[in-house]
Structure formats: structure tokens, C-alpha cells
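Colleague: Numbering (the working numbering), first residue to last: 217 to 626.
Every residue gets a Cβ at the ideal spot worked out from N, C-alpha and C, and that includes glycine.
Quick caveat: nothing in here was measured; it's all calculated off a predicted structure.
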């Protein structure tokens with residue numbers, strides 16, 4: 217059973233004695249009730265909120281979907297763990313709070329229980345971003361973007377919030393149980409709580425894949441997006457660390473979904489048509505240049521060859537990976553990103569794979585100061601390497617003389 221379309225049922229919405237809403241309203245006010253045959257529609261007709269059923273269970277959920285998506289696949293689900301029997305639900309504002317009612321049993325779920333209203337002066341509004349917000353007076357006290365399900369929309373934040381507080385908040389994607397059941401699944405996508413630069417796919421409590429990271433300058437995903445339509449922003453402050461993104465082209469709307477079977481799906485809507493590409497890291501070290509695998513750059517500016525040096529790894533701009541990926545996986549991760557200058561691996565450390573994104577000059581200064589085996593990008597033979605190091609040191613002196621500030625691109 218699919219959710220009813222508000223346009224198709226305009227006559228019901230207008231003439232039903234139970235209806236309190238206009239056909240194209242984007243706002244729910246105190247005293248109004250949204251029944252299972254009604255929907256809210258964002259002001260520009262991008263998103264729709266209402267009740268829907270999924271799969272064969274007959275269970276009913278409150279969700280948000282793109283209004284022109286023929287499958288009405290929900291990008292957000294309010295009651296994924298508390299489904300309702302078919303045709304039994306309603307949504308209203310009671311005592312200033314957003315409440316889902318089971319009209320057969322009088323059970324209720326308060327959506328903003330973590331941020332309860334303090335007055336009755338509230339309204340709920342569906343925005344064109346897909347965010348469903350509860351506003352008290354002039355202040356937004358709750359938003360669906362702070363409670364994501366399996367979908368990462370532009371403007372949404374994934375990360376760690378209220379760090380150091382008694383009740384920190386973690387925002388991450390959690391897959392559906394299966395294509396027909398929006399209950400909590402096995403796969404999640406979010407930041408590592410210990411290494412806040414590392415973006416992982418988790419399988420239960422274990423890291424399943426490293427899928428992205430902050431390299432000190434940019435937030436990067438390990439796959440190459442087919443649309444290339446995303447501007448990622450990484451913010452790390454004392455009380456919060458998160459990533460968000462926007463679309464580069466206003467005429468193309470693209471977003472990501474954590475699929476039930478552990479892959480990332482990228483969706484794109486252009487000219488009212490929705491298309492999808494899925495991404496997953498290839499098994500082993502055989503990397504294929506396809507939409508379903510990690511894409512290795514054909515040629516990096518500093519080459520794809522690595523030669524071994526012995527020394528210490530500088531402590532700045534390093535990301536660490538678990539030993540489970542092995543030395544081949546460690547090399548794969550560095551080789552797949554042209555910003556990775558070097559890598560080192562040790563099976564005796566929990567985070568045995570270290571990827572270095574800093575200055576090659578800083579790394580070469582540490583040569584001979586330790587006994588760590590480090591694989592440096594860009595040199596086939598050690599003799600060439602040390603000749604290159606000599607040239608760098610010579611150029612460093614020239615740089616000081618002529619007050620050249622930045623030599624990080626060497």
C-alpha cells in the first residue's frame with residue numbers, strides 16, 4: 217500500500233469532516249491534525265510528508281519523500297521503531313509538541329521528546345530542504361535533520377555534537393532493515409568517535425569500511441562521485457565535529473543513502489527524473505574502474521610508485537586505519553588518493569595503518585631519526601630520493617633568502 221497523493225485526493229481533503237488542513241499546506245498548527253489520507257507539501261512542491269506503508273506487513277509510518285518520486289521512497293521516517301497498524305495513525309501538535317497517535321489504542325509517540333516545548337505557541341513546518349522543523353515563537357526547537365534515518369540530504373549534518381556534555385549527540389545514517397522495512401538495519405555511516413577525521417561504514421559495532429576522511433584541507437570520499445555535484449564542508453570545534461554538503465548546481469539535486477546491504481547509493485534528480493549509482497570498495501586489492509568500486513586515479517601528479525625510507529612519521533595531518541585492512545589495504549587507500557604522500561603499516565598496533573597527507577619536505581626531514589619503514593610516493597629508487605632531498609634542502613635555503621612563504625607543493 218502506498219501513501220495517498222495529496223493532489224489526487226484534493227476532494228477528500230476539502231470535504232472530509234475530519235480534515236483541518238488545506239490541500240497544499242506546508243504547516244501544521246496547534247489544534248490541527250494530519251490524518252493518514254492527508255499530507256503536508258513544502259512551499260515549492262519539493263517534499264511531501266504523510267503516512268505511508270512499506271512492504272507486506274501493512275505497518276504504517278510517518279515519513280518524508282520527494283513529491284515527484286513515483287516510488288515514494290521515504291528519505292526520513294519518524295517512527296521507524298514504532299510502526300502503526302494500517303489506517304490508524306494521526307499527527308498533531310499537543311501541548312506544543314509533535315505527537316503521533318495510534319487512534320485504536322490511544323498510544324502516542326512524542327517526536328520532540330529530547331527538546332520538549334515549553335509553551336503552546338508552536339508550529340511544525342516542512343521545508344524545501346526536506347527538513348521538518350518545530351518552531352516555538354521565533355526559535356526552532358527541534359528538527360528532523362538532527363534525527364536522520366538512512367538518507368544524507370544537502371544541508372544535513374553527520375557527526376558528533378555537544379562533545380563533553382553529559383548527553384552528547386551522535387548523528388549518523390542507519391540503514392533500513394530491508395527494502396520494504398524502514399526499521400533499524402545492520403549498517404551505519406558516520407564518524408569514528410576516537411578518530412574524528414575518519415568517516416566509516418559500520419556493521420553493527422565493527423568497522424566495515426573506511427569510506428571517507430578529512431585530510432587536513434578537504435573532506436574526501438574514497439569513491440569518485442558520478443555527479444561531481446557536491447561541496448563538502450568539514451567542521452571540527454571544541455563541542456562539535458561534523459560534515460555537511462551542498463549541491464554545486466541548483467538545477468541538480470543529489471543525495472546519498474546508506475543501503476540495507478552495506479553500500480552507499482548516490483541519487484540524482486534532474487528534470488524531475490531520479491537516477492541512482494551505488495558505490496562499494498572492491499574486495500581484496502583488485503580495483504576496477506567501475507561505478508561499483510573504489511576508483512584508483514590513473515596518474516597522480518607525484519606518480520603511483522612508492523619507495524621505502526626509514527625514519528619517523530610527522531604527527532600532523534595523519535589518518536589512521538584499523539589493522540584489519542592489512543598492508544595491502546593500507547597501500548590501496550594511499551594509492552587511491554593523490555593527496556596521500558606516504559603510508560606506514562604495523563600489525564602490532566590497533567590502528568596499524570597510517571596515511572600521511574602533509575608536506576613531503578617535513579617527512580624527509582624525519583629520515584634517519586627513527587626506524588619506522590615508510591613508503592613514500594613518487595620515487596622508484598632510493599638514490600633518486602636522496603638526490604631529491606638534497607635539492608629540496610638547497611631550495612629551502614633559497615626560499616629563506618627570498619622570503620618565499622609556502623613550499624608545501626614540492
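Report the option in 526, 543, 575 and 545 whose CA atom is closest to the CA atom of residue 533.
Modeller: Here residue 533 corresponds to residue number 317 of the chain shown, with the count starting at 1. The shortest Cα separation from residue 533 among 526, 543, 575 and 545 belongs to 575.
Colleague: Going by other Cβ atoms of all chains shown within 10 Å of its Cβ, with 16 needed for buried, is residue 395 buried or exposed?
Modeller: Position 179 of the chain shown, counted from the first residue, corresponds to residue 395. So residue 395 ends up on the exposed side.
Colleague: Mind checking who residue 397 pairs with in its DSSP beta bridge?
Modeller: The residue labelled residue 397 in the question sits at position 181 within the chain shown. Bridge partners of residue 397: 394.
Colleague: Nearest-angstrom Cα distance between residue 490 and residue 313?
Modeller: Here residue 490 corresponds to residue number 274 of the chain shown, with the count starting at 1. Here residue 313 corresponds to residue number 97 of the chain shown, with the count starting at 1. If you take the alpha carbons of residue 490 and residue 313, they lie about 34 angstroms apart.
Colleague: List the whole-angstrom C-beta distance separating residue 266 from residue 255, where the pair is believed to meet the contact cut-off of C-beta under 8 angstroms.
Modeller: Along the chain shown, one-based indexing puts residue 266 at 50. Along the chain shown, one-based indexing puts residue 255 at 39. That pair is a contact at about 4 angstroms.
Colleague: Look up residue 445 in the DSSP assignment and say whether it is helix, strand or coil.
Modeller: As a position in the chain shown, residue 445 is number 229, starting the count at 1. Residue 445: coil per DSSP, three-state reduction.
Colleague: Could you check where the alpha helix (DSSP H) with residue 576 kicks off and where it finishes?
Modeller: Locating residue 576 in the chain shown gives position 360, counting from the first residue. 576-581 is the span of the alpha helix (DSSP H), which, as asked, contains residue 576.
Colleague: Given that a residue counts as buried once 16 or more other Cβ atoms are within 10 Å of its Cβ, and exposed if not, what is residue 381?
Modeller: Position 165 of the chain shown, counted from the first residue, corresponds to residue 381. Label assigned to residue 381: exposed.
Colleague: Report yes if the C-beta distance between residue 628 and residue 339 is below 8 angstroms; otherwise report no.
Modeller: Absent from the structure is residue 628, since the part of the chain shown begins at 217 and ends at 626.
Colleague: Taking the continuous alpha helix (DSSP H) assigned at residue 545, which residues delimit it?
Modeller: Here residue 545 corresponds to residue number 329 of the chain shown, with the count starting at 1. Residue 545 -> alpha helix (DSSP H) spans 542-551.
Colleague: Roughly how many angstroms lie between the CA atoms of residue 563 and residue 549, to the nearest whole one?
Modeller: On the chain shown, position 347 is the one that residue 563 refers to. On the chain shown, position 333 is the one that residue 549 refers to. About 16 angstroms.
Colleague: Tell me which residues share the same chain as residue 384 and place their Cβ nearer than 8 angstroms to its Cβ, disregarding the 5 neighbours each side in the sequence.
Modeller: Against the chain shown, residue 384 aligns to sequence position 168. Answer for residue 384: 376, 377 and 378, listed in chain order.
Colleague: In whole angstroms, what separates the C-alpha of residue 261 from that of residue 283?
Modeller: For the purposes of this step, residue 261 is taken as residue 45 along the chain shown, with counting starting at 1. For the purposes of this step, residue 283 is taken as residue 67 along the chain shown, with counting starting at 1. Those two C-alpha atoms are separated by around 7 angstroms.
Colleague: What alpha helix (DSSP H) runs, 4 residues minimum, are completely inside the region 335-361?
Modeller: Complete alpha helix (DSSP H) runs here, min 4: none at all.
Colleague: By alpha-carbon positions, which one of 344, 293 and 335 ends up nearest to residue 325?
Modeller: In the chain shown, counting from the first residue as 1, residue 325 sits at position 109. Closest by alpha carbon: 293.
Colleague: Where do the ends of the beta strand (DSSP E) carrying residue 263 lie?
Modeller: For the purposes of this step, residue 263 is taken as the residue at position 47 of the chain shown. 263-269 is the span of the beta strand (DSSP E), which, as asked, contains residue 263.
Colleague: My guess is that residue 527 and residue 588 are in contact by the Cβ rule of under 8 angstroms, so how many angstroms apart are they, rounded?
Modeller: Numbered from its first residue, the chain shown carries residue 527 at position 311. Numbered from its first residue, the chain shown carries residue 588 at position 372. Indeed they touch by this definition, with Cβ atoms about 6 angstroms apart.
Colleague: Do you know how far the Cα of residue 461 is from the Cα of residue 470?
Modeller: Within the chain shown, residue 470 is the residue found at index 254, counting from 1. Within the chain shown, residue 461 is the residue found at index 245, counting from 1. Their backbone Cα atoms lie some 10 angstroms apart in a straight line.
Colleague: Ordered along the chain, which non-local residues of its own chain (more than five positions away) have a Cβ less than 6 angstroms from that of residue 310?
Modeller: Position 94 of the chain shown holds residue 310. No residues qualify anywhere along the chain.
Colleague: Kindly give me the distance between the Cβ atoms of residue 554 and residue 516, rounded to whole angstroms, as I take these residues to be in contact under 8 angstroms.
Modeller: Taking the first residue of the chain shown as position 1, residue 554 is located at position 338. Taking the first residue of the chain shown as position 1, residue 516 is located at position 300. Right, their Cβ atoms sit about 4 angstroms apart.
Colleague: Who are the Cβ neighbours of residue 328 in its own chain at under 8 angstroms, not counting the five residues just before and after it?
Modeller: Position 112 of the chain shown, counted from the start, is the residue given in the question as residue 328. So the list reads 313, 314, 350, 357 and 358, once near-sequence residues are dropped.
Colleague: Look at the Cβ atom of residue 374, then the Cβ atom of residue 393, and state whether they are nearer than 8 angstroms.
Modeller: Position 158 of the chain shown, counted from the start, is the residue given in the question as residue 374. Position 177 of the chain shown, counted from the start, is the residue given in the question as residue 393. Not closer than 8 angstroms, so no.
Colleague: Would the beta-carbon of residue 372 be found less than 7 angstroms away from any heavy atom of the ligand GTP?
Modeller: Absence of the ligand GTP is noted for the structure shown, with no ligands found whatsoever.
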